[in-house]
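> These protein sequences, in sequence, are chains A and B. With the first letter of the first sequence counted as 1, position 172 gets the number 224 in the numbering used here; the numbers rise by one all the way through. With the first letter of the second sequence counted as 1, position 57 gets the number 139 in the numbering used here; the numbers rise by one all the way through. Sharing a structure below in structure tokens format, with a few things to ask.
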Amino acid sequence: MSALLEVRKLSYIYHSPDAETQAISEVSFGIEREEFVAIVGPSGCGKTTILSLIAGILEPSSGEILLDGKPVKEAAGLTAFMPQRDQLFEWRNILRNVLLGPEIRRQKTPENVKFARSLLKKYGLSDFEKKRPSELSGGMRQRAALIRTLVTSPELLLLDEPFSALDFQTRLTVCDDVYRIIREEKKTVVFVTHDIAEAISMADRVIVLTERPARIKNIYTIDLDKSLSPLRRRELGFADYFKRIWSDLEVKNVGRT
Amino acid sequence: MSEEHKKYLKKLKRKRIIVRALQIFALILFFGLWELFARLEVIDPFLTSSPSRVVKSIANLYESGILFKHLGATLLETVISFLLSTVIGTAIAIILWWNETARRVAEPYIVVLNALPKIALGPLIIIWAGAGKTAIIVMALLISVIITIISMLAGFMSVDKGKLQLLKSMRATKFQTLYKLVLPANIPTLISVLKINVGLSWVGTIMGEYLVSREGIGYLLVYGSQIFRLDLVMASTIMLCVLATAMYLAVAVAEKIIKKYF
């Protein structure tokens, strides 16, 4: 079977009246089904841009992105994007927030509603269906946001710094929580983070990017037990990866000063 | 509940009662002194009127059967221009949000129109719309519509980028983005615009009535001052206070209802 996601020589240029900025330069990688891939890189290097390109929010300047062999435009239903912070709509209750995707696609059928409710139930948000986002804790909001991405039954989840708005403690628990749900639903994930520890603790592979324009610096296969929670994985042979990725990122910082 | 919390709540309540009592006291004091000084002729009641004269003046209007005609006329003009400016202003803001070119073309004109004292257009409006209710409504509309456009558009443009990206990733159409995100996200903007417009519509209506009308509170004010019946002027002013407050409260109630849903 071919890779679920294939990125080939992807480049992206930001245009502004003053200048053009090459954000991404000839990035290529592939992602298999049920793989969990983290993209890390120095801040402002274009990590989020790559995600936006895969999500179809932006269009590449050159290169191509194939989802299940099809270009992004034709494969809209295959991906679901989870933006920074949960971005739940305060004027909708949790159930209606979760149903936003089907609503936009005009697929709010009774089956889809049932599916959404079953997901909420499975992940312990049943009692909060009719609640406003502000009535939920940070962790529950994040879970609701994740369920919103699952409702349309995508193959590939694109998470953009999903935990950046949470405090450290919540972050660790939510990280475990999200990891468990995603593994259970057997989804493929690309997620962007600036937190190396988070990347190693969750991902099967970590793609390290260079400074802008982003190129691939290194790709690490993380050989840690998948069945363990990220929190447990942090306790195991984790330091070595951390050191290697850290040095990848550090060299450039030295080079800059 | 702990003793301390009970004490705290009690203190809170007492504070509230004191504030309310002082508010009422200030009102009574104001009217009391006004009446007293007018009776003792410390101030000239011919120029300042007095609460009892104001009441008499309102009673006179009521007995001659023209009180509600005047109040009704002003209220109607105000409510119509209030609603029209909100609807028209929001509609124009939507068009400008939708079309970037239109937005950029319109920008300098909106700035100029906003800076222009709308009262200067009074003579023109009278010539174009005729010296009647229409002119008054147009006047009031012009005063509040520009600020409605500016505020609503600013609200539309400041919708969270992350939410816009989310919808874009779901392949939402522009129309879906408008009614699923941009409009509901701006209900608070709309409410603050409504509150501003309540005040502005009254300004516009009274100003319009100064210029053209044969009826309404603005007319009573002008008429009263021309024939030097300050009782009538004061009475009109006080009725205006009451009506404007009532309309503001109506908006506040609407706000409460809307907030339940948004």
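We put the CB at the ideal spot given by N, CA and C, even for glycine. Because the structure is a prediction, the values reported are computed rather than measured.
Any beta carbon of chain A sitting closer than 7 Å to that of Leu272 of chain B?
It does not; no Cβ of chain A falls within 7 Å.
> Enumerate in chain order the residues of its own chain whose CB-to-CB distance from Val136 of chain B is below 8 Å, with the five nearest sequence positions on each side excluded.
Here the set comprises Asp313, Met316, Ala317 and Ile320.
> Which residues in the same chain as Arg308 of chain A place their Cβ atom closer than 7 Å to its Cβ, once the five residues preceding and following it in sequence are excluded?
Bear in mind that the predicted position of Arg308 of chain A carries a pLDDT of just 45, short of 50, making it unreliable; the figure below should be weighed with that in mind. Taken in chain order, the list of residues that qualify is empty.
> Would you check if there are 3 or more beta carbon pairs closer than 8 Å linking the stretch 249-265 of chain A to the stretch 87-105 of chain A?
With the cut-off at 8 Å, the stretch 249-265 of chain A and the stretch 87-105 of chain A touch.
> Could you tell me the alpha carbon to alpha carbon distance between Arg193 of chain A and Asn164 of chain A, rounded to whole angstroms?
Going from the Cα of Arg193 of chain A to the Cα of Asn164 of chain A covers about 21 Å.
> Since Tyr231 of chain A and Ile199 of chain A should fall inside the 8 Å C-beta cutoff, what is the C-beta to C-beta distance between them, to a whole number of angstroms?
Between Ile199 of chain A and Tyr231 of chain A the Cβ distance is about 15 Å, and since that is not below 8 Å, they are no contact.
> Within this structure, are the beta carbons of Thr130 of chain B and Trp284 of chain B separated by less than 7 Å?
Cβ atoms of Thr130 of chain B and Trp284 of chain B: not closer than 7 Å.
> Please identify, using Cβ separations under 8 Å, the residues of the stretch 239-259 of chain B that lie next to chain A, in order along the chain.
Cβ contacts with chain A come from Asp242, Gly244, Lys245, Gln247, Leu248, Leu249, Lys250, Ser251, Met252, Arg253, Ala254 and Gln258.
> Answer yes or no: does any C-beta atom of chain B fall closer than 7 Å to that of Gly153 of chain A?
At least one chain B Cβ lies under 7 Å of Gly153 of chain A.
> Give me the subset of the stretch 97-119 of chain A whose CB atoms are less than 8 Å from a CB atom of chain B, sorted by chain position.
So the list reads Ser104, Ala107, Gly108 and Ile109, given in the order they occur along the chain.
> For Ala168 of chain A, which residues in the same chain have their Cβ closer than 6 Å to its Cβ, ignoring the five residues on either side in sequence?
So the qualifying residues of the chain are Val150, Leu151 and Val203.
> Which residues in chain A sit within 8 Å of Ala269 of chain B, going by Cβ to Cβ distance?
A small correction: the amino acid at residue 269 of chain B is Ile; Ala does not occupy that position in the sequence shown. What Ile269 of chain B touches in chain A: Trp143.
> Quick one: list the residues of chain B neighbouring Arg137 of chain A, beta-carbon separation under 7 Å, in chain order.
Chain B residues near Arg137 of chain A: Gly244.
> So that I know if they touch, is there some Cβ in chain B lying closer than 7 Å to that of Ala217 of chain A?
Ala217 of chain A does not count as touching chain B.
> Would you mind sorting His152 of chain B into buried or exposed? The rule is 16 or more other CB atoms within 10 Å of its CB.
By the neighbour-count rule (16 or more Cβ atoms within 10 Å), His152 of chain B is buried.
> Is it true that the CB of Ile76 of chain A sits closer than 7 Å to the CB of Tyr66 of chain A?
It is not a contact, given that the beta carbons lie outside the stated cut-off.
> Are any of the Cβ atoms in chain B nearer than 7 Å to that of Ile156 of chain A?
Yes, its Cβ sits closer than 7 Å to a Cβ of chain B.
> What first and last residue would you give for the alpha helix (DSSP H) that runs through His67 of chain A?
Here His67 of chain A belongs to no alpha helix (DSSP H); instead the beta strand (DSSP E) covers Leu57 to His67.
> Can you give me the C-alpha to C-alpha distance between Leu149 of chain B and Gly290 of chain B, rounded to a whole angstrom?
Their backbone Cα atoms lie some 19 Å apart in a straight line.
> Tell me the DSSP secondary structure of Asp292 of chain A in three-state form.
Helix.
> Closer than 7 Å, Cβ to any Cβ of chain B: which residues of the stretch 123-136 of chain A, in chain order?
From the stretch 123-136 of chain A, only Ala128, Phe133, Pro135 and Gln136 have a Cβ closer than 7 Å to chain B.
> Return the CA-CA distance between Thr161 of chain A and Thr240 of chain A, expressed in angstroms with no decimal places.
Cα to Cα, Thr161 of chain A sits roughly 25 Å from Thr240 of chain A.
> In whole angstroms, give me the CA-to-CA distance for Val182 of chain B and Ile102 of chain A.
One detail in the question is off: residue 182 of chain B reads as Glu in this sequence, not Val. So the two alpha carbons sit approximately 27 Å from each other.
> What residues in its chain sit with their C-beta under 7 Å from that of Arg137 of chain A, if we drop five residues either side in the sequence?
For Arg137 of chain A, where only same-chain residues beyond five positions count, the Cβ hits under 7 Å are Ala217.
> By the 10 Å Cβ neighbour count, where 16 or more other Cβ atoms means buried, how is Cys323 of chain B classified, buried or exposed?
Cys323 of chain B comes out exposed.
> Relative to the alpha-carbon of Cys227 of chain A, which residue among A:Ala251, A:Arg267, A:Phe294 and A:Gly121 has its alpha-carbon at the smallest distance?
Nearest of A:Ala251, A:Arg267, A:Phe294 and A:Gly121 to Cys227 of chain A, Cα basis: A:Ala251.
> Whole angstroms are fine: how far does the CA of Cys97 of chain A sit from the CA of Thr255 of chain B?
Distance between the alpha carbons of Thr255 of chain B and Cys97 of chain A: 30 Å.
> Looking only at its chain, what residues have a beta carbon closer than 8 Å to the beta carbon of Asn145 of chain A, apart from the 5 residues adjacent to it on each side?
Around Asn145 of chain A: Glu181, Lys182, Lys183 and Arg184.
> Buried or exposed, going by whether 16 or more other CB atoms sit within 10 Å of the CB of Gln139 of chain A?
Buried is the call here.
> So Leu209 of chain A packs on Leu283 of chain A, CB below 8 Å; how close in whole Å?
The pair is not a contact, with the Cβ atoms about 20 Å apart (cut-off 8 Å).
> Leaving out five residues on either side along the sequence, give the residues of the same chain with a beta carbon under 8 Å from the beta carbon of Lys262 of chain B.
So the qualifying residues of the chain are Leu249 and Ala254.
> When you compare only the Cα positions, how much space is there between Trp180 of chain B and Ala155 of chain B?
About 37 Å.
> Looking only at DSSP bridge pairs, what is Arg257 of chain A linked to?
Arg257 of chain A pairs with A:Val89 and A:Thr273.
> Please look up how many angstroms separate the CB atoms of Ala119 of chain A and Leu57 of chain A, rounded, as I've assumed it's under 8 Å.
The sequence shown places Leu at residue 119 of chain A, not Ala. Yes, Leu119 of chain A and Leu57 of chain A are in contact; Cβ-Cβ is about 6 Å, under 8 Å.
> Measuring CB atoms only, is the stretch 162-179 of chain B touching the stretch 235-247 of chain B, in the sense that at least three cross pairs come out at less than 8 Å?
A contact exists between the stretch 162-179 of chain B and the stretch 235-247 of chain B.
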